[in-house]
Amino acid sequence: MSKARELINQSLDELQASLSDKRKELYALVVAKKNTKKLEKPHRIPSLKKDIARLHTVIHAKTLQEQSQAV
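So for the sequence shown, this note's numbering puts the first residue at 978; every next one is plus one.
Take a look at the structure:
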């Protein structure tokens, strides 16, 4: 996943799309883990959670920045 510095250069639409993709991927992994009790790459779940949090942070910062510029 990208670093926060790299995410800042993306538009809000791109960030939202990336967030949606990460959430779907995380959901699929969690369901697979519950069904099979074993994953090929179990380290991927915490990594995705961190990526989702990073995306939320950048989206929130961009939203605040746009609001402050509009006022």
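Just so it is clear, CB atoms sit at the ideal spot from N, CA and C, and this is done for glycine as well.
The alpha helix (DSSP H) spanning residue i covers which residue range?
i, result
"E1026", "Checking the displayed sequence, the identity of residue 1026 turns out to be Lys instead of Glu. Its alpha helix (DSSP H) spans residues 1021-1047."
"K1001", "989-1013"
"L984", "981-984"
Can you give me the Cβ contacts of residue i inside the same chain, cut-off strictly under 8 Å, excluding the 5 residues immediately before and after it?
i, result
"H1033", "L996"
"K1039", "I985, L989, L992"
"L1003", "I1022, L1025, K1026, I1029"
"L1006", "L1016, R1021, I1022, L1025"
Starting from the C-beta of residue i, find all residues in its chain whose C-beta is less than 6 Å away, skip the five residues before and the five after it, and write them out in chain order.
i, result
"S1045", "none"
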